[in-house]
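Residue numbers (my numbering), protein chains in the order written: chain A, 27 to 516; chain B, 27 to 516. Every residue, glycine too, gets a C-beta built ideally from N, C-alpha and C.
Protein chains: 2
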Amino acid sequence: MKTIFQSELKVVNIGLESFQQALAASGCQAVQLDWRPPLALSEKDRRTLALHRGAIDKANKKAVDIVLNGKPFLVGLEKAVDVLPGMRKNSVFHAGPPIGWERMCGPMRGAVIGALLYEGLARTPEEAEGLASSGAVAFSPCHEHGAVGPMAGVISPSMPVYVVKNEEHGNHAYCTLNEGLGKVLRYGAYGPEVIERLRWMAEVLYPALARAVAKVGRVDLKNIIAQALNMGDEVHNRNRAATSLFYRALAPAIVRTCPQPERAAQVLEFINSNDHSFLNLSMPASKACLDAARGVKDSSLVVAMARNGTDFGVRLAGTGDRWFTGPAPVPDALFFPGFTKEDANPDIGDSAITETNGLGGFAIAASPAIVQFVGGTSKDALDYTLQMYEISAAENNVYRIPSLDFRGTPTGIDAVKVVEKGILPFIDTGVAHKKPGIGQVGAGVVSAPAEPFERAVAALARSLDRATRRPGRQRRPEGRPGRRPLGRGR
Amino acid sequence: MKTIFQSELKVVNIGLESFQQALAASGCQAVQLDWRPPLALSEKDRRTLALHRGAIDKANKKAVDIVLNGKPFLVGLEKAVDVLPGMRKNSVFHAGPPIGWERMCGPMRGAVIGALLYEGLARTPEEAEGLASSGAVAFSPCHEHGAVGPMAGVISPSMPVYVVKNEEHGNHAYCTLNEGLGKVLRYGAYGPEVIERLRWMAEVLYPALARAVAKVGRVDLKNIIAQALNMGDEVHNRNRAATSLFYRALAPAIVRTCPQPERAAQVLEFINSNDHSFLNLSMPASKACLDAARGVKDSSLVVAMARNGTDFGVRLAGTGDRWFTGPAPVPDALFFPGFTKEDANPDIGDSAITETNGLGGFAIAASPAIVQFVGGTSKDALDYTLQMYEISAAENNVYRIPSLDFRGTPTGIDAVKVVEKGILPFIDTGVAHKKPGIGQVGAGVVSAPAEPFERAVAALARSLDRATRRPGRQRRPEGRPGRRPLGRGR
Chain A
27 MKTIFQSELK VVNIGLESFQ QALAASGCQA VQLDWRPPLA LSEKDRRTLA LHRGAIDKAN
87 KKAVDIVLNG KPFLVGLEKA VDVLPGMRKN SVFHAGPPIG WERMCGPMRG AVIGALLYEG
147 LARTPEEAEG LASSGAVAFS PCHEHGAVGP MAGVISPSMP VYVVKNEEHG NHAYCTLNEG
207 LGKVLRYGAY GPEVIERLRW MAEVLYPALA RAVAKVGRVD LKNIIAQALN MGDEVHNRNR
267 AATSLFYRAL APAIVRTCPQ PERAAQVLEF INSNDHSFLN LSMPASKACL DAARGVKDSS
327 LVVAMARNGT DFGVRLAGTG DRWFTGPAPV PDALFFPGFT KEDANPDIGD SAITETNGLG
387 GFAIAASPAI VQFVGGTSKD ALDYTLQMYE ISAAENNVYR IPSLDFRGTP TGIDAVKVVE
447 KGILPFIDTG VAHKKPGIGQ VGAGVVSAPA EPFERAVAAL ARSLDRATRR PGRQRRPEGR
507 PGRRPLGRGR
Chain B
27 MKTIFQSELK VVNIGLESFQ QALAASGCQA VQLDWRPPLA LSEKDRRTLA LHRGAIDKAN
87 KKAVDIVLNG KPFLVGLEKA VDVLPGMRKN SVFHAGPPIG WERMCGPMRG AVIGALLYEG
147 LARTPEEAEG LASSGAVAFS PCHEHGAVGP MAGVISPSMP VYVVKNEEHG NHAYCTLNEG
207 LGKVLRYGAY GPEVIERLRW MAEVLYPALA RAVAKVGRVD LKNIIAQALN MGDEVHNRNR
267 AATSLFYRAL APAIVRTCPQ PERAAQVLEF INSNDHSFLN LSMPASKACL DAARGVKDSS
327 LVVAMARNGT DFGVRLAGTG DRWFTGPAPV PDALFFPGFT KEDANPDIGD SAITETNGLG
387 GFAIAASPAI VQFVGGTSKD ALDYTLQMYE ISAAENNVYR IPSLDFRGTP TGIDAVKVVE
447 KGILPFIDTG VAHKKPGIGQ VGAGVVSAPA EPFERAVAAL ARSLDRATRR PGRQRRPEGR
507 PGRRPLGRGR
């Protein structure tokens, strides 16, 4: 005991970093152990997962290979009601997991009001609110109809959408066209200029792009994304390079197929004025690849992370159509002048589909400008990406990071690793004002909440457990490869 | 002595790295000291430079501030003969320091032949050779007429040129339009397809771009270059982002001002098909900034590095119009299939004006893809840029490197530092076949040769020495600030 109190104090701290920081500040030698407690999971579920680790890993390998081999191409543009599965005349699709009008956050309500005005189903915002709350509007998540939408993610029947085809698997994904920045529907604004822009997009932009895509046949989105990662984009919060490459690829065809040169010039100017144009293509490109991996039995691979501004929802490849949710967090952000975190709505949008696909926050080492934006360094950006390898099932075979010597981006979130390691997915995001009608107030980063992952993994564990207990099945010892049902193939 | 031979051998090696490598390979602990001998300089010149260090530093500060504050804008396009100072009907301007037909390398001869065919001054390559060797053609370096040209850098009277204005200082710089890759004039090819393309550029591309630039007024080249450095370009060997941004900025105006949409589409396609389009703008943008710093007395700042494929030439701000030359080295390159270093011409072109301006090889940390191209890693790219800070007069205030936390690029080569430290400028480059008529055979990197810097610094030392010895001047003690002539301002 005596020697302890005579020797210099050296502290190893585990847990809250502020303890270590306080000691270090007072001159004491204090080391912070890089360790996090695992997320909450019952002892029984933990045992089940350990028992089935081999089967889960095998299923994840299968699922992530499907994601990596996806070949997303832009093949056309159509009106939403003509192509979105299950869309009816009174449908309004939205970002994130299912939610009704009563629980919807401000910006999503604002976007719904705008969509009803745009569709001509209401003449005033008040009328739109009345209609939305009456039960006459059929709300449903974009994700359940092969679609994704940034921020509020509202898609109404007459909006034009990009049609993306995963040519490896034959499935399609859809997304609206990006409106630009400022007061826009996806951030909950619904003023006259918002509705007018949406009409111009349907009447001028949509036919011009549709003709141009028809002329070139198809646009290879995976190729554009791969190039953009070499050009400072992570194709979630930064899309300048991808937008440029998309614009370059399509401009000659836009000019050739537009009946009036002035219209062609306006279309080019609209895309040129908005570096986020490509976001509405990187999202369905990701969705098309991830949807192909849905339904892979026993897999803990995350196939969707999405937020409706109230709840953060997760779906796994191996847990069917179920959503696992928890409260959406408020992002750390750089706020536009005049706004603070007080104004910020909790995290919202389907755009985390990019992170789910090894892009966005997972590829942020390729885009240090984004981290600098919220006060970080290029080393922070590297560290975020390096940490995401810890919870990923694979390294991407096409999407690569120059500053990591072109190492593939961490791709395919393994929810079991998230829960075991207590490392949560890192997401780039925009920030909407919490009240309807205002719009964007900032941009920043956020970590996914723990609950959806805890719930998803618990559900997977229970389904594995049930499967093992079924008559005619044998329980296999720990560490052995997965079960093979007797008498039928996988 | 005994203890030396009993203890383990530990070696510190200075000089040739192979000694250290051989020891390390055999398991011996051997450290390589990062040291190079200074370049050759007489003891007298060395003393003179030491005596005037203060004056040189002050002059360099003045010169590099002029470079940093340059504001290069594309303000129009014209025919070379109408705008290039000193261009006559029989002029052919070329890259690098002065050279006559008899000493010209193969690719430059090829480009001259092509230019004479293009101008209609010869009907066959043989006729062109006869004319070129007859003395009837007035050869002169681009650099001596406010112009720069990539590779052979040949400019003949009827070629269209970009007109770049340095709005801070009022001076202009000029460069031809980029032809694309493959068999092109600047790499020494002169076949019918080369001449035909040059005609199309003069008849279709030139008027379309001229009208578009007139419509938008001017294009901010510094802004595009700054953005491109955040997007994986170093705007010498990689110009994909800068070309994209230039294309985006100009496309709507091209469409609006082109009488036929099909022509506009062809022009867009031509630029879109050639990621090097912007090289011919990053070069005159650099030239415009550096030319403004010419004539700053006592300054050892390099204002031009240029190669004619035979000689490598350097000009300093403080040594007037003189060129200091040495043999051009053969680059380390990745060769196209079927070619080897045997086929390579020594380094050629005015494009090292980008390195002279803190871009290209000096900014290669922003563009690790280029180093990977010749077998290096992203760390190598960082190291090259870090080493260039050692010989630079300043860090750029606008051009920044994301992976170095947006540190300004090393800008303004101080020839005295080059000689004192023995660190030679690092240059990205293309490689031409040494025979005329063939074209590009590879791309790679090269270090500038020592001789031009040794000669330039010796000349500067002699001019400083002469100035000190003039009647009415006093010799100042070492380390004191520079001389101020009595009775008149600087």
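inquiry  = Against residue 281/A, what residues of chain B qualify as contacts under a CB-to-CB distance less than 7 Å, listed in chain order?
reply    = 281, 287, 290, 291 and 294
ask   = Does the region 470-483 of chain B come close enough to the region 352-360 of chain B to have 3 or more Cβ pairs within less than 8 Å?
value = yes
message = Any beta carbon from chain B within less than 8 Å of residue 273/A's own beta carbon?
response = yes
task = List the whole-angstrom C-beta distance separating residue 132/A from residue 215/A, where the pair is believed to meet the contact cut-off of C-beta under 8 Å.
result = Residue 132/A to residue 215/A, Cβ: 11 Å. No contact.
query = What residues in the region 256-272 of chain B have a beta carbon less than 9 Å from any beta carbon of chain A?
reply = 256, 257, 258, 259, 266, 267, 269, 270 and 271
ask   = Is there at least one Cβ from chain B nearer than 8 Å to residue 409/A's Cβ?
value = no
key: Nearest neighbour of residue 387/A, chosen from 341/A, 439/A, 350/A and 340/A [CA to CA]   = 439/A
ask   = Mind checking whether residue 336/B and residue 304/B have CB atoms under 8 Å apart?
value = no
request  = Measure how close the beta-carbons of residue 49/B and residue 37/B come, nearest whole angstrom, since I'm counting them as under 8 Å.
outcome  = 5 Å
task = Could you tell me which of 458/B, 477/B, 479/B and 96/B sits nearest to residue 179/B, measuring between CA atoms?
result = 458/B
ask   = Which first and last residues belong to the alpha helix (DSSP H) in which residue 69/A is found?
value = 69-77
request  = Measure the Cβ-Cβ separation of residue 120/A and residue 186/A and say whether it is below 8 Å.
outcome  = no
message = Checking the sheet assignment: what are the DSSP bridge partners for residue 428/B?
response = Paired residues: none, contrary to the question.
ask   = Using the beta-carbon of each residue, which ones in chain A are nearer than 7 Å to residue 432/B?
value = 398
query = Taking buried to mean at least 16 other C-beta atoms within 10 Å of its own C-beta, is residue 311/B buried or exposed?
reply = buried
query = Over what stretch of residues does the alpha helix (DSSP H) that includes residue 220/B continue unbroken?
reply = 218-226
ask   = Residues in its own chain within less than 7 Å of residue 271/B by CB, not counting five upstream and five downstream?
value = 250, 253 and 254
inquiry  = Cβ closer than 9 Å: which chain B residues qualify as neighbours of residue 395/A?
reply    = 256, 428 and 432
query = Bridge partners of residue 202/A, per DSSP?
reply = 187/A
Neighbour flag for residue 303/B against chain A, beta carbons, 8 Å = no
query = The alpha helix (DSSP H) spanning residue 380/B covers which residue range?
reply = 379-382
ask   = So residue 358/B is in the alpha helix (DSSP H); what residue range does that whole segment cover?
value = Looking at the DSSP string, residue 358/B is not in any alpha helix (DSSP H); the run it does join, the beta strand (DSSP E), is 358-361.
task = Determine the DSSP secondary structure at residue 134/B, reduced to helix, strand or coil.
result = helix
ask   = Which residues mark the beginning and the end of the beta strand (DSSP E) in which residue 337/B is found?
value = 337-342
query = Any Cβ of chain B within less than 8 Å of the Cβ of residue 277/A?
reply = yes
key: Three CB pairs or more closer than 8 Å across the region 95-107 of chain B and the region 148-158 of chain B   = no
request  = Jot down the residue ranges of each uninterrupted alpha helix (DSSP H) in the region 385-410 of chain A, minimum 4 residues, whole runs only, in chain order.
outcome  = 394-399
message = Can you list, in chain order, the residues of its chain with a C-beta nearer than 6 Å to that of residue 516/A? Leave out the 5 residues immediately preceding and following it.
response = With a pLDDT of only 28 at residue 516/A, under the threshold of 50, the placement of this residue in the model should not be trusted; the figure read from the coordinates follows. Nothing listed; no residue qualifies.
key: Proximal residues, the region 296-330 of chain A versus chain B, C-beta separation under 7 Å   = 298
key: Euclidean distance between Cα positions of residue 339/B and residue 223/A   = 57 Å
task = Measure from the C-beta of residue 202/B to each C-beta in chain A and report whether the shortest distance is under 8 Å.
result = no
ask   = From the DSSP output, which residues share a beta bridge with residue 102/B?
value = 189/B
task = Name, please, each residue of chain A whose Cβ falls closer than 7 Å to the Cβ of residue 382/B.
result = Per Cβ cutoff of 7 Å: no residues; residue 382/B is ~25 Å from chain A at best.
ask   = With contact counted as at least three CB pairs below 8 Å, one residue from each stretch, are the region 200-210 of chain B and the region 168-175 of chain B in contact?
value = yes
request  = May I have the straight-line CA-CA distance separating residue 147/B from residue 130/B, to the nearest angstrom?
outcome  = 20 Å
query = What residues from chain A crowd round residue 366/B, counting only those whose CB sits closer than 7 Å?
reply = Correct list: empty, because the minimum Cβ distance to chain A is about 26 Å.
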